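First residue of the sequence shown? That's 14 in the working numbering, and the numbers climb one at a time after it.
See below for the structure under consideration.
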Amino acid sequence: MRPSAPSAWTSGLSTIFVSTMLSVSPPLQAGTPLALLKDLDQGMTGPRSQVLVLGTVHLQEMGQDFKPGSLDSLLERLAGFKPEIITVEDESGEACDLALRHPAKYGEDYCKRPAEAQAATGLDIPAALAEVERTLKNWPATPSAAQRRRLAALFLAAKESASAAAQWLQLTQAQQHAGDGLNEALVGQLQRLVQRPNESIQIAARLAARLGLQRVHPTDDHTGDRLKLDDTKAFVTELEAAWKSEGDLLKREEERSLAPLKRGSDLLPLYRFINRPEYLRALARANIVGPMTAASPRRYPQMWVGGWEVRNLRMVANIRETFRERPGARVLSIVGASHKPWFEQWLSQMQGLDLVDAIQTLDQQAPRPLATSTPLPP
């Protein structure tokens with residue numbers, strides 16, 4: 014049913030309200046659009062959400078020398094922040110399902126169906142996601158090992174591998190076996206998964222398990238950077254050329270400063286370095302300055318920038334959605350360091366939200382380790 018046209022009374026009330034607000038509001042300078050939304054949440058009731066964006070390296074690029082124990086000090090600091098929600102740079106099952114249903118738009122190779130998990134559970138991605146939501150809605154305070162095994166299977170079928178790993182890691186070794194939706198193939202998949210050198214697993218899933226959180230929220234989204242190009246080869250050539258000048262400067266800095274930190278037995282100093290504003294600014298320049306100033310007849314490098322911004326906007330929106338129904342939540346967002354400047358720029362404009370300084374969090378004295386959780390009932 015279409016809404017009726019506003020009455021003369023409501024139109025007049027709107028006019029009076031706007032006139033009153035204009036008379037009491039301080040004048041705004043032209044060209045300052047951010048000021049239009051400033052201080053709207055001043056005096057809000059209840060606590061403000063606290064969001065910590067942790068820039069990370071991609072651990073799979075660390076090579077065979079990577080040891081999960083090198084992240085222990087980092088995990089201690091992050092546990093001290095006490096996040097209630099953890100997000101990662103993984104694509105969601107929902108986004109994968111969307112792309113699979115529209116191959117003409119997103120391509121045949123956008124993502125793979127979780128075939129083994131779907132065969133074991135009999136659920137496709139939408140059905141698995143729905144069952145995950147039903148399960149978590151009725152999740153007990155003290156879940157059994159069988160309930161965790163079943164939820165791990167559902168997460169695999171929903172294509173949320175980090176959440177599956179978080180459930181698996183909350184089981185004792187004796188409880189990590191087939192049953193309750195997990196067959197031997199899925200058990201093998203989970204055993205390999207928790208060993209994978211990936212920040213979604215080695216930081217997010219391990220931390221979620223340590224804190225007793227039930228899931229890790231995937232927030233990446235490539236649906237907006239699938240560019241429609243006339244000449245893909247020319248696009249790649251022009252973009253690589255555009256990145257060269259600033260990229261060479263960044264590469265020299267990384268070879269000088271980052272390489273020794275990556276070889277350390279403790280990676281906390283590495284994470285302190287890559288979350289420094291100076292390094293993040295260098296990353297942002299390396300990504301954007303060259304493409305925006307490149308001489309390109311078809312402006313291919315600038316198209317890449319457009320896709321990069323759409324991707325980051327959608328990721329930030331996905332992060333905001335994770336605590337939409339939880340005002341005041343403590344949120345940890347783990348993302349490749351090059352995304353962090355965009356995340357913080359846009360998150361800082363949202364209502365009822367404060368950004369937490371990552372450097373201060375990482376510089377704090379490590380809190381006392383959490384007590385080992387009591388083994389779950391079988």
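Ideal Cβ placement from N, Cα and C applies to all residues, glycine included.
None of the values given here were measured: they were computed from a predicted structure.
Contact under 9 Å by Cβ, residue i with residue j
| i | j | result |
| --- | --- | --- |
| Ser278 | Ser83 | yes |
| Arg162 | Leu195 | yes |
| Leu167 | Ala141 | yes |
| Arg90 | Thr335 | no |
| Arg333 | Leu360 | yes |
| Glu102 | Asp233 | yes |
| Arg294 | Pro81 | no |
| Glu322 | Arg298 | no |
| His235 | Ile99 | no |
| Ser62 | Asp261 | no |
Residue interval of the beta strand (DSSP E) (run including residue i)
| i | result |
| --- | --- |
| Asp367 | Leu366 to Val369 |
| Arg343 | Arg343 to Gly349 |
| Leu65 | Ser62 to Thr69 |
| Ile216 | Element bounds for Ile216: n/a, residue is neither H nor E. |
Exposed unless 16 or more other CB atoms sit within 10 angstroms - verdict on residue i
| i | result |
| --- | --- |
| Trp152 | exposed |
| Met316 | buried |
| Lys172 | buried |
| Gln377 | exposed |
| Ser270 | exposed |
| Thr134 | buried |
| Arg147 | exposed |
| Leu35 | Per-residue confidence for Leu35 stands at a pLDDT of 47, beneath the threshold of 50, marking its modelled position as unreliable; the derived number appears in the next sentence. Burial call: exposed. |
| Arg411 | This structure leaves residue 411 out entirely; the chain is present only between 14 and 391. |
| Met328 | buried |
N- and C-terminal bounds of the alpha helix (DSSP H) containing residue i
| i | result |
| --- | --- |
| Ser270 | No alpha helix (DSSP H) contains Ser270, which DSSP labels as neither H nor E. |
| Asp85 | Asp85 to Phe94 |
| Leu252 | Thr245 to Glu266 |
| Thr236 | Here Thr236 belongs to no alpha helix (DSSP H), and DSSP marks it neither H nor E. |
| Val323 | Tyr313 to Thr335 |
| Val392 | Lying before the first or after the last residue shown, residue 392 is absent from the chain, which here runs from 14 to 391. |
| Asp110 | Gly106 to Arg114 |
Best match in the options for proximity to residue i [C-alpha to C-alpha]
| i | options | result |
| --- | --- | --- |
| Cys109 | Thr185, Ala350, Lys125 and Leu326 | Lys125 |
| Asp54 | Leu67, Gly365 and Asp376 | Gly365 |
| Ala158 | Phe356, Tyr292 and Gly192 | Gly192 |
| Gly120 | Arg276, Pro273, Gly237 and Lys150 | Gly237 |
| Gly59 | Arg339, Asp370 and Met363 | Arg339 |
Own chain partners of residue i with C-beta closer than 7 Å, once the 5 adjacent residues on each side are dropped
| i | result |
| --- | --- |
| Leu136 | Glu144 and Ala170 |
| Tyr313 | Ala247, Phe248, Glu251 and Leu252 |
| His190 | Val200 |
| Ile372 | Arg285, Asn288 and Arg289 |
Own chain partners of residue i with C-beta closer than 6 Å, once the 5 adjacent residues on each side are dropped
| i | result |
| --- | --- |
| Gln202 | none |
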